[in-house]
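Heads up: the structure comes next, in structure tokens.
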Amino acid sequence: VACCRAPAKAEELLGLSPKPILIELDVASDTSVAALPEKLRDSGVCSLDYVINNAGIASPNHPYDPILQADPEVMKSVFNVNVIGTIMVTKACLPLLEMAESKCVVNLSSQLASIEHCYGGLQGHFGGICSYRISRAASNMAMRCFGGELREQGYVFIAMSPGHVDTDMGSSGGRKAPLTVEQSVAGMLSVIAHSSLEDNGKFLQYDGIELPW
């Protein structure tokens, strides 16, 4: 099952074989998120073993975005998708996760969310990228909160950094990202497939290395 804002225009998804079930979803829309469980059931989906929250945006001037020039409207927009959207989609999926055995939610975060690595860190940035960093750090805390409240019911919530990947966002500002999409996805799928209750509430990298908060 894959969710996106415009399934009819998702050419790469439509070209997959076997073709996935495509569900229209805008994580920034309360109405769209509220309709998700019914849309899934109408498509024949009665349970979800894994939910991967992949939606994420950054400021238009990413990766610059210094906090001294923070735009409140930009920050609200980024926070709405990266944090509130993640929380509400996760909540909407809980009844279907409850029907499954694995009950695993993975929120794609970023190594840039690490407070410990904010100065220099894995990508060498000192400050900057404030909207994205702050929102991803907040979404990490959301996963910890979910994990704490639902651990006894067998759920696993993981914040996962895909690494610095060669995508439109990862290569913005003239940066050269070291990872291909294929390398990142292969690593994440392996980590997710081998996850257990011991990983609940952790902040992991695509290769399974635990990242500092």
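Position in the sequence shown (first residue = 1) + 1251 = the numbering used here.
Beta carbons: idealized from backbone N, C-alpha and C, even for Gly.
Item                                                                                                  : Value
Anticipated Cβ contact below 8 Å, V1334 with S1382, distance rounded                                  : Not a contact, Cβ separation roughly 11 Å.
Cβ-based burial, P1314 [other Cβ within 10 Å; buried from 16]                                         : buried
Coarse secondary structure for C1369, derived from DSSP in three states                               : coil
Same chain, Cβ closer than 7 Å to A1393, five either side skipped, listed in chain order              : V1334, T1337, I1338
Cβ neighbours of S1435 in the same chain (closer than 6 Å, five flanking residues each side left out) : P1413, G1414, V1416, Y1457
Candidates I1303, A1343, N1331, I1318: closest to E1289 by CA position                                : A1343
Inter-residue CB distance, S1446 and C1355 (contact presumed, cutoff 8 Å)                             : 6 Å
Burial state of C1396 (16 or more Cβ within 10 Å)                                                     : exposed
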